[in-house]
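Quick note: our numbering has the sequence shown finishing at residue 79, numbered continuously throughout.
Beta carbons: idealized from backbone N, C-alpha and C, even for Gly.
These notes concern the structure reproduced below.
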Amino acid sequence: MIQKLERQKEADDPHYQRIIRSSMITARAAPAHERVVTTLQELGVSADDTFFLGGMEKHKILSILKPHIFFDDQQSHLKSAAGKVPMVHIPFGIANEQI
-19 MIQKLERQKE ADDPHYQRII RSSMITARAA PAHERVVTTL QELGVSADDT FFLGGMEKHK
41 ILSILKPHIF FDDQQSHLKS AAGKVPMVHI PFGIANEQI
């Protein structure tokens, strides 16, 4: 994972400055946020920023962060910010299960 490589580089070189910044943006709110936090911890992923929006539209945060790329499992979230941010649809998860 890229974060592991960057942590190793930081340990080897005290002057190294990270080049990857990770932000977690989720439509979830309390208490569902616990699942997000637990999953990230289990995967060994740490986010520089976390946003628990509780239903607020993600494009508002994306327009401020201006990420190089945005991943989401719901196409409706990708359409709301269309044209402003490079995006990738992740076709997994409950929202993408076939009936």
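Open item on the list: If contacts are defined as beta-carbon pairs under 8 Å, then phenylalanine 125 and isoleucine 70 qualify, I think. What distance do you get, rounded to the angstrom?
Closed with: Here the chain covers residues -19 to 79 and nothing more, so residue 125 does not appear.
TODO: Would you tell me roughly how many angstroms separate the C-alpha atoms of glutamine 21 and lysine 64, rounded to the nearest one?
DONE: If I take the Cα positions, the gap works out to 30 Å.
Task: Rounded separation between valine 17 and leucine 33 - CA only - done: 14 Å
TODO: Between the Cα of serine 3 and those of Lys59, Asp(-8) and His48, spot the shortest distance and give me the residue it belongs to.
DONE: His48
Open item on the list: Using 8 Å as the threshold, is the C-beta distance between phenylalanine 31 and isoleucine 44 below it?
Closed with: No.
Open item on the list: Quick check on DSSP: helix, strand or coil for aspartate 28?
Closed with: coil
Open item on the list: What does the Cβ neighbour count give for leucine 58, buried or exposed, with the cut at 16 atoms within 10 Å?
Closed with: buried
TODO: Could you tell me how far apart the beta carbons of alanine 9 and lysine 38 are, in whole angstroms, since I believe they sit closer than 8 Å?
DONE: Their Cβ separation, rounded to whole angstroms, is 13 Å, which puts alanine 9 and lysine 38 out of contact at 8 Å.
Open item on the list: Between the alpha carbons of glutamine 55 and threonine 19, how many angstroms are there, rounded?
Closed with: 22 Å
- [ ] State yes or no: is the C-beta of isoleucine 5 within less than 8 Å of the C-beta of glutamate -14?
- [x] no
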